[in-house]
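Notes follow once the structure below has been shown.
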Amino acid sequence: MSIETLRAALPDAAKDIRLNLSTVFTAEGAPDLTDGQRAAIALAVAYATRNDRVATAVEAETSELLDNQHREAARIAATLMAMNNVYYRFIHLAEDEALRKLPARLRMNGLAQHGIAKLDFELMALAVSAVNGCGMCIESHIHEVRKHGASDLAIQSSARIAAVLVATAQALSLPA
0 MSIETLRAAL PDAAKDIRLN LSTVFTAEGA PDLTDGQRAA IALAVAYATR NDRVATAVEA
60 ETSELLDNQH REAARIAATL MAMNNVYYRF IHLAEDEALR KLPARLRMNG LAQHGIAKLD
120 FELMALAVSA VNGCGMCIES HIHEVRKHGA SDLAIQSSAR IAAVLVATAQ ALSLPA
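Under numbering that gives the first Met the number 0, think of the first position of the sequence shown as 0, with each following residue one higher.
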């Protein structure tokens with residue numbers, strides 16, 4: 000399945016999503032990111048949507064742009080952020096200083112051992128954190144990507160890719 004097939008499958012209620020889906024893979028639609036960064040972010044987000052159709056289409060769309068290390072890093076970003084975003088969102092929302100001071104005791108070696116450029120991984124983690132709604136993680140990843148030279152436009156582009164792919168997954172689950 001390709002992105003074009005996915006676009007064609009979207010219902011009329013999602014015509015804006017259909018249009019946005021055609022642009023987020025381009026430099027015009029997601030500026031200040033390289034083709035590889037757009038592809039890696041999209042793949043990590045596709046996995047985070049938990050929608051097989053979206054994941055399959057994005058895998059096909061990005062297959063020529065990403066090597067095995069980037070594909071594996073996208074899986075790492077999606078799965079580690081699934082865990083971290085739940086935990087740190089809980090810590091943030093609990094507003095309990097005693098809980099905040101406790102060690103997380105969660106294994107997170109993949110955050111440092113992903114095999115790709117730190118900026119690229121952090122952009123993926125940022126986008127997945129946006130999908131999962133963890134403000135603490137979003138703030139942390141924005142800090143990291145800025146430290147590695149990402150512009151505000153690149154940060155926004157990462158979030159836009161996430162927004163469009165999540166909306167695509169949602170639209171595909173609407174009853175006919």
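Don't be surprised by glycine CBs; every beta carbon is placed ideally from N, CA and C.
By the neighbour-count definition (other C-beta atoms within 10 Å, threshold 16), Ser62 is an exposed residue.
Sequence-distant partners of Glu138 (beyond 5 residues in either direction) whose C-beta falls short of 6 Å from its own C-beta are missing from its chain.
Note that the C-beta distance between Ala43 and Ala124 is below 9 Å. DSSP places Cys133 outside both helix and strand once states are collapsed to three, so it counts as coil. Under the Cβ criterion (8 Å, minimum of three pairs), the stretch 92-111 does not count as touching the stretch 148-158. A straight-line Cα-Cα distance of about 14 Å links Ala73 and Val130.
With respect to the 9 Å criterion, Arg6 and Val23 are not classified as neighbours on the basis of their beta carbons.
For Phe89, the enclosing alpha helix (DSSP H) starts and ends at 67-93. A distance below 9 Å separates the beta carbons of Leu79 and Gly109. Remark: C-beta atoms of Ala168 and Val53 approach each other more closely than 9 Å. The shortest C-alpha to C-alpha distance from Arg17 to any of Val163, Leu173, Ile141 is the one to Val163. A straight-line Cα-Cα distance of about 15 Å links Val165 and Ala8. In the structure shown, Leu173 adopts coil according to DSSP, grouped into three states. The C-beta distance from Val57 to Ala45 rounds to 4 Å, short enough to meet the 8 Å contact threshold. At the C-beta level, Ser172 and Ala29 stay beyond 9 Å of one another. Close CB contacts of Asp119 within its chain, under the 8 Å cut and outside five residues either way in sequence, are with Gly35, Gln36, Ala39, His69, Ala72 (chain order). Here Ser128 is buried. Its C-beta has 16 or more other C-beta atoms within 10 Å.
For Val44, the uninterrupted alpha helix (DSSP H) segment begins and ends at 34-48.
Note on geometry: alpha-carbon atoms of Arg49 and Gln155 lie some 22 Å from one another.
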